Each structure stands twice: as structure tokens, then as C-alpha cells.
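Participant: Chains as they are written, first to last, in this note's numbering: chain A, 1 to 326; chain B, 327 to 592. Questions regarding the structure given below will be posed in turn.
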Amino acid sequence: MMNVRILCATTALLLAGHAPVASAQDAAPAPQPTAPGIRWQKEVPVIASGEWTGARLPDGQPDVGGFWSNTISNHSNFTDPQAGPPGEPSAAAKLPRDQRAPSRVSDPADGQIPYLPAARALQEDFARNFPNPVKPRYIEPLARCAPAGVPKSFMWHGYEVRQYPGHFVFLFDSGTRIIKLDGSPHLAPGIKLWNGDSRGHWEGNTLVVDTRNNNGKSLFGRYGDFMSENATVAERFVFDADGKRFNYIATFTDPTVYSRPWTATIPARRYTVADKPDGWHFDVKPVNAPGKPLQYEHYERICAENNGPFGGGAVGVPSDEAVIDR
Amino acid sequence: MIRKTAILLAASTALLMPALAEAAPAKSAVASAPAAPAIPRQADGKPDFSGIWQVLGEADYDLEPHAGRRDAPPGPGVVEGGVIPYTAEAHERRKANFAARAKDDPRLKCWVLGVPRGVYYPAPFQIFQRAQDLTLVHQFGNQVRTIRTDGSDHPQEKHQEFWLGDSRGHWEGETLVVDVADFNEETWLDRAGNFHGPDLHVVERWTFLDANTINYRATLDEPGVYSKPWTIEVLLHRRRDKGFQLIEDYCYALEYDRFYPHKDGQ
Chain A
1 MMNVRILCAT TALLLAGHAP VASAQDAAPA PQPTAPGIRW QKEVPVIASG
51 EWTGARLPDG QPDVGGFWSN TISNHSNFTD PQAGPPGEPS AAAKLPRDQR
101 APSRVSDPAD GQIPYLPAAR ALQEDFARNF PNPVKPRYIE PLARCAPAGV
151 PKSFMWHGYE VRQYPGHFVF LFDSGTRIIK LDGSPHLAPG IKLWNGDSRG
201 HWEGNTLVVD TRNNNGKSLF GRYGDFMSEN ATVAERFVFD ADGKRFNYIA
251 TFTDPTVYSR PWTATIPARR YTVADKPDGW HFDVKPVNAP GKPLQYEHYE
301 RICAENNGPF GGGAVGVPSD EAVIDR
Chain B
327 MIRKTAILLA ASTALLMPAL AEAAPAKSAV ASAPAAPAIP RQADGKPDFS
377 GIWQVLGEAD YDLEPHAGRR DAPPGPGVVE GGVIPYTAEA HERRKANFAA
427 RAKDDPRLKC WVLGVPRGVY YPAPFQIFQR AQDLTLVHQF GNQVRTIRTD
477 GSDHPQEKHQ EFWLGDSRGH WEGETLVVDV ADFNEETWLD RAGNFHGPDL
527 HVVERWTFLD ANTINYRATL DEPGVYSKPW TIEVLLHRRR DKGFQLIEDY
577 CYALEYDRFY PHKDGQ
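Right, dumping it as C-alpha cells:
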């Protein structure tokens, strides 16, 4: 039990402390020049789609396995990624807009999600109520350990890619995405899932994924941006030839929520033994293999079992009740 | 009608004339029976357990032999020797767990089932295998276990109290042997309240019986809870249903998913 409490506290620090932790890390001497905090890079590099010239796996896939994480910020704010969550503006929020990373909305050009009026009202209502959630609907689902889903999983902690013939697997802290590469049909449309149902294939340096069966429940972040269960997401993971970066470029189509399809771009970088573990982007431990070259591993990913209440705008909801009858 | 008669005649003739049957080349008889498919193997020749697997049996209801009851179908038990060798004190706790099973089984919260329970819980899990590791993605809840087969050992830092333990595997001939250690005591072993403590040590043995069946054995040891190590054995079957795939089942989210996106939950 003691361990559970300790883990709860750790979770609370990591979840609730997003802004303070980031500030502290920003202020402290950078442990490494590339990633001094949660939100650190202001630019989104351009990575062109094209041929893959890097290493390949025996089945022909570009070898992009390993640890990855976003480079500009967590999910606090989708369209102004480094400005902080509702009610808790970051220090950078005072700076001119062009001194922070751009909106993750790369199309349309204004950086805003083209909501229909009713959908915009729902998003704004969530953002207004997020700092003091008086109803369950205003609690961030990730704070309840819900899967971060599409696309929020790419804005949370670091994650791991493992590749297999016919499968591309993402291991996130809050769930797992298995992308089938075998050309099989999607699940029946009535099945709605936190991570959706994904089918993908490689086009040169780009993993192209068609994600359907979304339940729309995970939201995109703390401002309540969202899609509905009617959405389809066309995802492109464009990997740089040197294997150090990829851009996640996803086009969301949902006529019941948006006035037109729109596109998000989320940059990510790889973490290797050349990086220091930081407990966030690269939350790993050295593999215990004396006499062998350094390797890192991520231990088991647990959340619902350890979740507890905490403050800071992200309200955790401990759950210790039966939820299934099967 | 004519063809059928001919077949029957031919069969009868063969039966009646053993000498003739013997005369038929033995090779063709062997060739006509479909050969059992070879077990899948990795590039390095080790067995390849990649695929979707599921138990067929009653182990998760109760590892021990039991008659049918309101909340469990009957089962012959999967414990070698019949019963779990609890110490006297642990046996009392097991009885209390059994009495409270309708509300205390951690599965009801959709929490991590642990090792070995996740393996024989009646839901599919997918094994992804590389030379250096196996990744077990269980459909139920958020349970992902990595079994490293790269010669590495358990973490130097002990008492981390993992929900799934820490798994390190190696090959002994055709068998994957996995040493699993450093658990917490939050998980149960089945719906009947069978349990372990924080010092549980599990050794699993995974062996292909044929290309679509795995013989799974797990030996559990924990002094103070069990009077001696004990072993379970179940078979795991490859899910071969047309179009079958894992469908995420983050059932712990069922408690609150009605509030999203932007709903009052009615």
C-alpha cells in the first residue's frame, strides 16, 4: 500500500505540477541542450514526405522503433501550446505570440479549429469550467486515467514504438495503439473506441494511417478541443531520414463538429542512450545487464490503479468501485 | 449413387484384402494426411509466439477443483496436486477473500490482473515478439507486459512492487522460461479469492504443443503464504476466428465515459 501512495504522489506531481514543473525546469540549468523542460522548442521543423533512406527492419519497414516524445508542450493548450492551461497561464503566455510555438492547427492558416457554432460553445464551456470543475463533464478525462487517444497521446509523456511484420505498436502511458499494416478491413462502424481502430501502410518515409471508430471521448487537451464519434482521422507520421524526428500530421474530418476538415501538426523527437532520462519525455531506467552497452527500458505503465485526487486544475478522481459485471 | 457404391466397394475391398492395402505405397498414405504445420519460428530459430491467444477453461473462476456454483461453472482445477498449499494463516485469508469475492475481486474495477492471472483470464491477449523481447498486450484493461529475452536481469532496485511483476525470459530448448519477480499484493489469482503476497515469485514456462496451442505452466512460490512452490498448467489457443483482432477494453473508463465529449451523462 505504501508503494501505491508513493506512486499516487508521483502521479499527482506529474499531473498537477505540469506548469510549476515546467517553470522550474525552464529556470534550472538545462541538463541537456535539447530538452530542458516539458515545453522547450518553439519551432516545428519541416520534414518532407519522400523516400526512406535510413535503416530498415527485415520486413522492409523503416526502422523507427524506440522512445519518442513531443517537443513543444504537453496537452494543456492545443492552439497555443506553450501558453498553459485554462486559468493557469504560463510565464511564456505574457510574451508576444510569435515567441511561443505556433498553434498545432496547421490548416486553416489562422491556427483555429473550424468548429461549428454549437461545437465551439461546448469547447469554450469546458475551458471556462476546467479550473473549477463543478460537473464530471469538466474533469479532464486523462486525469481520470482515460486513454489519451487520438491525438492527445502524442502530447503527453514520452512513448515507445515497437514494430513487427504487419503491426506498428505505440506504447503510451495511458494505453496502447496497435496499428495493423495488413490491409484488413476496419471494425464494424458501431464499435467506438478511445484510440479508434487504425489501419496503416508505409509510403516511403511516411506511415499513413486511417483511424476510424473513434469515440471522441478523450478530448485533445485542457481547453476541451474535441472530435465526435463521427470523426475520421487521416494520420501521417513523416519520419526524417536521420531517424531523429517525425512530424505527426493528422487531418480531422467530422461534419457534425467542424465546418471543414482541418489538420494538426505535432512534432516529435527520438530519445536514445545519448539522452538523459528526465522522468517525462524519456521516463526510463537503465537495463540491468552488466558488461553490456547501456540500454534503457520503461517499466510497466500503470494509471487507474494508482490514481488519486490532486489539485492544480487537473482533478484526479480516485476510483475503487466495481465498474464491470463480467 | 454409382460413385458412392464404387467408393464403398473400394473401401470394403481394401478392408477385406489386407494384402492389397499393404501393397499400397506407405508414402502416399502419409502424404494424404495433412502434416501438422511446423511451429512458427523467429529468424534465429527460437519458437515465435506472435499472435492472439486465449485460454479455454475455468481457471479464472477458481484455480482449484470446484463444483458449479452461482458465480462459477464447474472446473477440474489446474493446480498440480489439486489444491494450493497455503499456510494455515493464508488459508484463513483465502476463505475471507472467497466470502467477499463478489465485491473485492480487483477484476471488477478493471484493474491490472497481474501475472499469471492475465494469461488465463478468459480474454484474448496478443503477443508481439522480437529477438530481444516479447510484448504481451492484454485486451482487458490497460495491461502491457514486456518479457525481455536479451539476457538482462531484474532491476537492481528492488521492492518497486510492480502490478505485473518484472519479467525476464530465456530459452531452454523449445521452452521460454520467464522469471517474474517484484510484485505488489494488490492482485488476486482468480475470482475465488486465491491470492499471493508481495514476495511472490513466478516462473513461467511457455512451450508450443503445436502451431496453434501453447502449453503454459507457472510455478508460484512465496514462503509464508504457500508451504511449498506449486504449479498450474493451462493451454492457450490461437484465436483464428475470421477477422479477429484485439478490441481495446479500457473498462475502468466505463465509470465516467458517459460524460465525454461534453455530455452531462444522461
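Positions of the beta carbon are idealized from the N, C-alpha and C atoms, including for glycine. The model shown is predicted, which means the values in this text are computed figures rather than measured ones.
1. Cβ of Ala398/B within 6 Å of any heavy atom in the ligand SAH?
2. The region 161-173 of chain A: which residues have C-beta closer than 7 Å to a C-beta of chain B, in chain order?
3. If you draw a straight line from the alpha carbon of Ala48/A to that of Glu483/B, how long is it in whole angstroms?
4. Quick one: using the 10 Å Cβ neighbour count with 16 as the cut-off for buried, is Thr272/A buried or exposed?
5. In terms of residue numbering, what span does the alpha helix (DSSP H) encompassing Phe126/A cover?
6. Using the Cα positions of Arg128/A and Ala422/B, report the straight-line distance between them to the nearest angstrom.
7. So Leu562/B contacts chain A; which residues on that side make the cut at Cβ distance below 9 Å?
8. Looking at chain D, which residues of the region 120-150 of chain A have a Cβ within less than 8 Å of any of its Cβ atoms?
9. Using the beta-carbon count (16 or more within 10 Å), is Pro189/A buried or exposed?
10. Drop a sphere of 10 angstroms on the beta-carbon of Ile453/B, count the other beta-carbons inside from all chains shown, and report buried for 16 or more, exposed for fewer.
11. Which partner residues of Lys372/B appear in the DSSP bridge assignment?
12. Output needed for Gln32/A: all residues of its chain with C-beta closer than 6 Å, excluding positions within five of it in sequence on either side, in chain order.
13. Name the chain A residues whose beta carbon is nearer than 7 Å to that of Phe454/B?
14. Helix, strand or coil for Gly196/A, going by three-state DSSP, please let me know.
15. If we cut at 7 Å on Cβ distances, does Trp194/A have a partner in chain B?
16. Near Gly591/B, what residues of its chain come up, given a Cβ to Cβ distance below 7 Å and the 5 sequence neighbours on each side ignored?
17. Can you name the start and end residues of the beta strand (DSSP E) that Glu418/B belongs to?
18. Residues of chain A with CB under 8 Å from Pro481/B, in chain order?
19. What does Val64/A reach in chain B if we use C-beta pairs closer than 9 Å?
20. Taking only three categories from DSSP, how would you classify Gly60/A?
21. Tell me the rounded alpha-carbon separation between Asp397/B and Val551/B.
22. Quick one: residues in its chain with C-beta nearer than 7 Å to the C-beta of His201/A, no 5 flanking neighbours on either side, listed in chain order?
23. Helix, strand or coil, according to DSSP, for Arg97/A in the structure here?
24. Which of the three DSSP states, helix, strand or coil, is assigned to Asn213/A?
25. Does DSSP put Phe451/B in a helix, a strand or coil?
26. Suppose you measure from the CA of Ser184/A to the CA of Pro165/A; what does that come to, to the nearest Å?
27. Let's see if you can read the secondary structure: which residues bound the alpha helix (DSSP H) around Tyr446/B?
28. Closest to Tyr159/A by C-alpha separation, out of Asp225/A, Val238/A and Thr71/A, would be which residue?
29. Take Gly111/A and list the residues in its own chain whose beta-carbon comes closer than 7 Å to its own, dropping the five residues that flank it on each side.
30. Would you mind giving the Cβ-Cβ distance between Ile178/A and His186/A, rounded to the nearest angstrom? I have them listed as a contact below 8 Å.
31. Mind checking which residues open and close the alpha helix (DSSP H) that includes Met560/B?
32. By the three-class DSSP mapping on this structure, what secondary structure does Ala347/B have?
33. Any chance the region 456-463 of chain B sits against the region 423-430 of chain B, with 3 or more Cβ pairs inside 8 Å?
34. Straight-line CA distance for Ile573/B to Phe451/B?
35. So what does DSSP say about Phe226/A, is it helix, strand or coil?
36. Mind checking if Lys589/B is an interface residue toward chain A, Cβ cutoff 7 Å exclusive?
Facilitator: A quick look at the data gives this:
1. With respect to small molecules bound, the structure shown includes none, and the ligand SAH cannot be examined in it.
2. Arg162, Tyr164, His167, Val169 and Leu171
3. In the first sequence, the residue the question calls residue 48/A occupies position 48. In the second sequence, the residue the question calls residue 483/B occupies position 157. Straight through space, the alpha carbons of Glu483/B and Ala48/A are spaced by roughly 44 Å.
4. Translated into the one-based positions of the first sequence, residue 272/A becomes position 272. So Thr272/A ends up on the exposed side.
5. As a working note, residue 126/A is residue 126 in the first sequence. Start and end: Pro117 to Asn129.
6. As a first step, residue 128/A is located in the first sequence; it is residue number 128 there, counting from the start. As a first step, residue 422/B is located in the second sequence; it is residue number 96 there, counting from the start. Counting only the Cα atoms, Ala422/B lies some 48 Å from Arg128/A.
7. Start at 1 with the first residue of the second sequence, and residue 562/B comes out as number 236. Those within 9 Å of Leu562/B in chain A number zero; the least Cβ separation is about 19 Å.
8. This model lacks chain D altogether; the protein chains it does include are A and B.
9. On the first sequence, residue 189/A is found 189 positions in, with the first residue counted as 1. Per the 10 Å Cβ criterion, exposed.
10. Against the second sequence, residue 453/B aligns to sequence position 127. It is buried - the Cβ of Ile453/B has at least 16 other Cβ atoms within 10 Å.
11. Taking the first residue of the second sequence as position 1, residue 372/B is located at position 46. The partner list for Lys372/B (beta bridge, DSSP) is empty, contrary to what the question assumes.
12. The residue you call residue 32/A lines up with position 32 of the first sequence. A caution first: Gln32/A carries a pLDDT of 37, below 50, which makes its placement in the model too unreliable to give a value.
13. Reading the second sequence from its first residue, position 128 is the one you call residue 454/B. Near Phe454/B (Cβ distances below 7 Å), the residues of chain A are Arg162, Tyr164, His167 and Val169.
14. For the purposes of this step, residue 196/A is taken as residue 196 along the first sequence, with counting starting at 1. Reduced to three states, the DSSP call for Gly196/A is coil.
15. As a working note, residue 194/A is residue 194 in the first sequence. Yes, Trp194/A counts as interfacial toward chain B.
16. For this step, residue 591/B is matched to residue 265 along the second sequence. Here Gly591/B has Arg584 and Phe585 as same chain residues with Cβ atoms under 7 Å from its own Cβ, once five neighbours each way along the sequence are excluded.
17. The sequence position of residue 418/B within the second sequence is 92, counting from 1. Counting along the chain, Glu418/B falls outside any beta strand (DSSP E), though it belongs to the alpha helix (DSSP H) covering Ala414 to Ala425.
18. Taking the second sequence and counting its residues from 1, one reaches residue 481/B at position 155. Those within 8 Å of Pro481/B in chain A are Lys285, Asn288 and Tyr299.
19. Taking the first sequence and counting its residues from 1, the one referred to as residue 64/A is at position 64. Result: empty, since nearest Cβ-Cβ is about 14 Å, beyond 9 Å.
20. Walking along the first sequence from the start, residue 60/A turns up at place 60. Coil at Gly60/A, not helix or strand.
21. Here residue 397/B refers to the residue found at position 71 when the second sequence is read from its first residue. Here residue 551/B refers to the residue found at position 225 when the second sequence is read from its first residue. Cα-Cα distance, rounded: 26 Å.
22. As a position in the first sequence, residue 201/A is number 201, starting the count at 1. For His201/A, where only same-chain residues beyond five positions count, the Cβ hits under 7 Å are Leu181 and Val208.
23. Here residue 97/A refers to the residue found at position 97 when the first sequence is read from its first residue. Here Arg97/A sits in helix by DSSP.
24. Within the first sequence, numbered from 1, the residue matching residue 213/A stands at position 213. The answer is coil: DSSP assigns Asn213/A none of H, G, I, E or B.
25. Along the second sequence, read from residue 1 onward, the residue named residue 451/B stands at position 125. DSSP places Phe451/B in strand when its eight states are reduced to three.
26. Along the first sequence, one-based indexing puts residue 184/A at 184. Along the first sequence, one-based indexing puts residue 165/A at 165. So the alpha carbons of these two residues sit roughly 14 Å apart.
27. Within the second sequence, the letter at position 120 stands for residue 446/B. Here the alpha helix (DSSP H) through Tyr446/B covers Arg443 to Tyr446.
28. Locating residue 159/A in the first sequence gives position 159, counting from the first residue. Per the Cα distances, Thr71/A.
29. To locate residue 111/A, count along the first sequence from 1; it is residue 111. Closer than 7 Å at Cβ, skipping near neighbours: Thr79, Pro102, Ser103 and Val105.
30. The residue given as residue 178/A occupies position 178 in the first sequence. The residue given as residue 186/A occupies position 186 in the first sequence. Between His186/A and Ile178/A the Cβ distance is about 13 Å, and since that is not below 8 Å, they are no contact.
31. Here residue 560/B is taken as the residue at index 234 of the second sequence, counted from 1. One point to set straight first is that residue 560/B is Val, not Met, in the sequence displayed. From DSSP, Val560/B is part of no alpha helix (DSSP H) but of the beta strand (DSSP E) over Trp556 to Arg564.
32. For the purposes of this step, residue 347/B is identified with residue 21 of the second sequence, where counting begins at 1. Unreliable placement is indicated for Ala347/B, whose pLDDT of 39 sits below 50; the coordinate value is still reported in the next sentence. Three-state result, Ala347/B: helix.
33. Flag = no, the region 456-463 of chain B and the region 423-430 of chain B do not touch.
34. If you number the second sequence from 1, residue 573/B lands on position 247. If you number the second sequence from 1, residue 451/B lands on position 125. Whole-angstrom Cα-Cα distance: 10 Å.
35. Here residue 226/A corresponds to residue number 226 of the first sequence, with the count starting at 1. In the structure shown, Phe226/A sits in coil (DSSP, three-state: anything other than H, G, I, E or B).
36. The residue labelled residue 589/B in the question sits at position 263 within the second sequence. With 7 Å as the cut-off, Lys589/B counts as an interface residue toward chain A.
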